[in-house]
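Peer 1:
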Amino acid sequence: MTISVRTRRDVVIVDPARFMAAARAAYRDLHPDVSEEAVAESVADLHDAVFILLDRFGRLSADAPEMPVGRGGLRPGQRVLDRPDGLSPAGEIKQLVLNDPRPLQDYGCFPPEDPFALPSG
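Counted from 1, the sequence shown has number 268 at position 70 by my numbering; the numbering is strictly sequential.
(1) What is the DSSP secondary structure of Leu296, counted as helix, strand or coil?
(2) Of the residues Ala247, Gln276, Asp312 and Cys307, which one's Cα is nearest the Cα of Arg216?
(3) Just to confirm, is the Cβ distance from Leu191 to Pro313 under 8 Å?
(4) Counting pairs of beta carbons, one from the stretch 202 to 215 and one from the stretch 289 to 299, are three or more of them closer than 8 Å?
(5) In whole angstroms, what separates the C-alpha of Leu279 from that of Val212?
(6) Since Ser202 is in the beta strand (DSSP E), which residue starts that stretch and which ends it?
(7) Check whether the Cβ atoms of Ala224 and Arg254 sit closer than 8 Å, and answer yes or no.
(8) Would you mind reading off the limits of the alpha helix (DSSP H) that contains Pro214?
(9) Given this structure, state the Cα-to-Cα distance separating Leu244 from Gly284, to the nearest angstrom.
(10) Is Ser202 near the ligand ZN, with its Cβ less than 7 Å from a heavy atom?
(11) Which residues in the same chain as Arg226 place their Cβ atom closer than 8 Å to its Cβ, once the five residues preceding and following it in sequence are excluded?
(12) Suppose contacts are defined by Cβ-Cβ distances below 8 Å. Is Pro310 in contact with Asp298 by that definition?
This is the structure:
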């Protein structure tokens, strides 16, 4: 039996400068011996920042409480503006898929075109 858990976590960048500063701080945590110039070069854009935060914390907004979608969550369009990382958590959902006929490992070096597509049938 194969069990697949597909997770979607959305965040809204409400303050790009704080977001980049948080990512650079996370990079410094991971690489304490590098210079400030190397940090700025290694975390130069949005993609760099996202992947550094994922490497450091396993998610973009590591300390954010779960943000339910719908009832119990923030109202549509309402943002959290005062987080030090400049992010506003914007929802999280999980989907469980049983018996996907081909787990990701079986693709080897060539992942599927859409790894989040549901199995047919």
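Even glycine gets a Cβ: it sits at the ideal position worked out from N, Cα and C. Since we're looking at a predicted model, the values are computed, not measured.
Peer 2: This is what the structure gives:
(1) Correct three-state label for Leu296: strand.
(2) Ala247
(3) Absent from the structure is residue 191, since the part of the chain shown begins at 199 and ends at 319.
(4) yes
(5) 6 Å
(6) Ile201 to Ile211
(7) yes
(8) Start and end: Pro214 to Leu228.
(9) 13 Å
(10) The model depicted lacks the ligand ZN and carries no ligand whatsoever.
(11) Val232 and Val237
(12) no
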